[in-house]
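The opening residue of the sequence shown carries number 20 in our numbering; numbering runs sequentially from there. Every residue, glycine too, gets a C-beta built ideally from N, C-alpha and C.
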Amino acid sequence: MTTLPPRQQVQQLVASLRRRLPGQLEGLLDHPRFTAGREALARLDDEAVAAAVAAMPPEEAEAIAAALRERWAALAEVELEPTAAIVAPDEVWIGHRPIAISLSIEVDDSVTVDEVAWDGATSQSRTTASITAQPPTDERPAILTVRAHVRARTTTARTILVATARITLRQPRILLSDDHRRLLVTDHTGRPALGVLVEIGAARHVTGAGGAIELDARAPTGATLTVAGIAAGKVT
């Protein structure tokens, strides 16, 4: 079992498969019959694989991690590389003031943490930290990067693990139609806000395709607007 987040589980499995499986199969992959399998293992090093894993929804990553473990176990013993991961939100909505974002370290069950040194954090303890996010100043994407250096030990050795997290900052923008019956919600870069809670006064709505909300009645003039709990102006 592991407490790593789903995407990091897939990353751990991919790295472990690439390093461990060829030795476990003891030269079997050198046989011409298994050329395709050997080439598939080599492709695990591709940047495209890392990018695809990083973009996976957690539910998909969890299913893929389970499938990889099952298929590996059918061939040989699953031997995972020691891994640490920063637990942090993928994205955060932010208003016009700085906010603190909480972070923590998770490791797989084979690792005992001795010490963690955080880069980019504004406060920290042994396995937790926080980072201060500043509001975006223009329309460009705003991304925070934080890194943790983990001094740890396994049952056989001491090691240093490095974990990195990237957090996208999104500042809300709302476009209201002239008849006050349709809202289009985006962030400061123009990217649509999908599946995000929007409050119009006391009424609660969730954005649909393209960040749109269709109302049955006019949004009342003067009603406050919030996106994911962040103030986004008033209906005018």
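Taking the Cα of LEU213 as reference, the smallest distance to any Cα among VAL204, SER142, ARG223 is reached at VAL204. Between ALA171 and PRO101 a beta carbon distance of about 7 Å is seen, short of the 8 Å cut, so the two are scored as contacting.
When Cβ pairs closer than 8 Å are counted between the two stretches, the segment 216-224 is seen to touch the segment 234-252, the count reaching three or more. When C-alpha distances from PRO41 are compared across GLN27, ALA61, VAL254, the shortest belongs to ALA61. Within the segment 41-116, the complete alpha helix (DSSP H) runs of at least 4 residues fall at 54-62, 66-73, 77-94. Between ALA103 and ALA136, the alpha-carbon positions lie close to 13 Å from each other. Excluding its 5 nearest sequence neighbours in each direction, LEU194 has C-beta neighbours in its own chain below 6 Å: LEU203, listed in chain order. Along the segment 150-195, the beta strand (DSSP E) occurs as fully enclosed runs of 3 or more residues at 161-172, 177-189, 191-195, listed in sequence order. Secondary structure of LEU32 (DSSP, three-state): helix. Annotation: ARG90 to TRP112 spans about 39 Å, alpha carbon to alpha carbon. In the three-state reduction of the DSSP assignment, ARG237 falls in the coil class, being assigned neither a helical nor a strand state.
Fewer than three beta-carbon pairs drawn from the segment 148-157 and the segment 69-84 are found closer than 8 Å, and the two stretches are therefore not classed as touching. The C-beta distance from GLN28 to ALA84 rounds to 4 Å, short enough to fall under 8 Å.
Residues of the same chain with a CB within less than 7 Å of the CB of ARG223, apart from the 5 flanking positions on each side, are LEU216 in chain order.
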